[in-house]
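A short worksheet on the structure shown next.
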């Protein structure tokens, strides 16, 4: 298995509480990985640690560039990674297309006073078209709905053509039809780029449908890590013990 990301006995502590508790995880390259768990299981902390936004108290996060406690490896990892956040992390005063163009900011100098190159603007427009937001390209994002803002965030991530796409609840504000359209878009980009996508999802059926690999978290520990094909009802009931059995059966 060619490794995209590995957690080696990683602990992340906030105050006196260990949010992640000595977890070890291996996620292969060129796959869609769903991260599952109840609220408070440590999913968002998992994502933020992977992005280098939270310090690791113990252990190491391993990527193809090295461990993320090495500054050069962290910089290279961030350069090749795109993220979609629950709060969208957009700039309200900018238009949708301007926000998407910021996904390409790493390709030009921050002190460059010239307008964005034509090819960058075309790439941003194409990304907006893919998420069905091109008609809103010149709307300030402050005027967009939550679901529209979420799609702009997805477009900004995909325009980077990343090696690693990391998303925290990327479909939470979207209707089921559009959700499945964007799932297929992410799968197509993973295939086209030879990339890896790691997505925190709350829709269990969607996670099982679209993923190749699953990481199941509970109380800061890993209860399952492996191919979706090996994910059984027993695994799901361990991660979500309060779910009724008929719901578990339908999900699997």
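In this note's numbering, the protein residues as written are 4 to 255.
Heads up, the beta-carbon is just placed ideally off N, CA and C, and yes, glycines get one too.
Query, Result
"Runs of beta strand (DSSP E) lying entirely within the stretch 52-130, each at least 3 residues, in chain order", "61-66, 84-87"
"Same chain only: Cβ atoms within 6 Å of residue 250, ignoring 5 sequence neighbours per side", "For residue 250, the pLDDT reaches just 48, beneath the cut-off of 50, and the residue's location in the model is therefore unreliable, leaving the point undetermined."
"N- and C-terminal bounds of the alpha helix (DSSP H) containing residue 191", "179-196"
"Through-space distance from residue 222 to residue 84, alpha-carbon basis", "27 Å"
"Residue 162 in three-state terms, based on DSSP", "coil"
"Residues near residue 19 by beta carbon distance below 6 Å, same chain, minus five either side", "none"
"Distance, residue 107 Cα to residue 115 Cα", "13 Å"
"Boundaries of the beta strand (DSSP E) in which residue 176 is found, first to last residue", "Per DSSP, residue 176 belongs to no beta strand (DSSP E) and is neither H nor E."
"Helix, strand or coil at residue 138 [DSSP, three-state]", "helix"
"Start and end residues, beta strand (DSSP E) containing residue 221", "216-221"
"Residue from 123, 59, 140, 196 with nearest C-alpha to residue 99", "140"
"Short Cβ contact (7 Å threshold) for residue 154 with residue 136", "yes"
"DSSP beta-bridge partners of residue 29", "9"
"Selected residue, minimal CA-CA separation from residue 73, among 87, 58, 200", "58"
"Under 7 Å between C-beta atoms of residue 208 and residue 231", "no"
"Residue 29 to residue 118 span [Cα, whole Å]", "42 Å"
"Beta-carbon proximity check, residue 8 vs residue 23, cutoff 7 Å", "no"
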